[in-house]
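Student:
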Amino acid sequence: MDPITIATVVLTLIATKAVEKVGEKLGEKTLEEGVKLFNTLQEKAPDTAQALKQVKDSEVIDAEIIEEVRQVAAREPEVQAGVNATADAVHQKAGGVTNLSKLAEKIGVLNQGLILNQQNTIHL
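Per the working numbering, the sequence shown starts with residue 37, numbered consecutively.
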């Protein structure tokens, strides 16, 4: 799974405060890197950070938000570094990749191509 998708899932959990429910499953390092990434995102792309905060249901991740994070990471090296660090932390957590891979499949981000106005529900 690509780092942008992994990082966006973590960012959404942090931004919507859903991390309190699943924080132990993610691991301390993942949360630490995710919070750093979110803070960087607030500085470099406040509109994207605000869009993440406004997610009504942390189990529904809009494909447009993933694309926004992808675009910000492409133009902001600090955000890309944060994405990579967050994804690496997830990979280091035992079972994290498997769980997030299942999560990504549930939200439909493995689709290839542009997805407009699509929302998918996931259950943690």
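Note that the Cβ used here is the ideal one computed from N, Cα and C, for glycine as well.
Give the straight-line distance between the Cα atoms of THR66 and ASP83, rounded to the nearest whole angstrom.
Tutor: When rounded, the distance between both Cα atoms is 23 Å.
Student: Can you tell me whether ASP124 is helix, strand or coil according to DSSP?
Tutor: DSSP places ASP124 in helix when its eight states are reduced to three.
Student: Decide if ALA110 is buried, meaning its Cβ has at least 16 other Cβ atoms within 10 Å, or exposed.
Tutor: Answer is exposed; the Cβ neighbour count stays below 16.
Student: Check for me: the alpha helix (DSSP H) holding GLU100 runs from which residue to which?
Tutor: It spans 99-111 - the alpha helix (DSSP H) in which GLU100 sits, taken as one unbroken run.
Student: Around the C-beta of GLN116, are 16 or more other C-beta atoms found within 10 angstroms, so that it is buried, or is it exposed?
Tutor: The residue in question, GLN116, is buried, as its Cβ has 16 or more Cβ neighbours within 10 Å.
Student: Quick one: Cα of GLU68 to Cα of THR41, how far?
Tutor: One C-alpha to the other measures close to 17 Å.
Student: Please state whether DSSP places ASP38 in a helix, a strand or coil.
Tutor: Of the three classes helix, strand and coil, the one that applies to ASP38 here is coil, per DSSP.
Student: Quick one, are the C-beta atoms of ASN108 and LYS72 less than 8 Å apart?
Tutor: As written in the sequence, residue 108 is Val, which differs from the Asn given in the question. Against a cut-off of 8 Å, the Cβ pair of LYS72 and VAL108 comes out as no contact.
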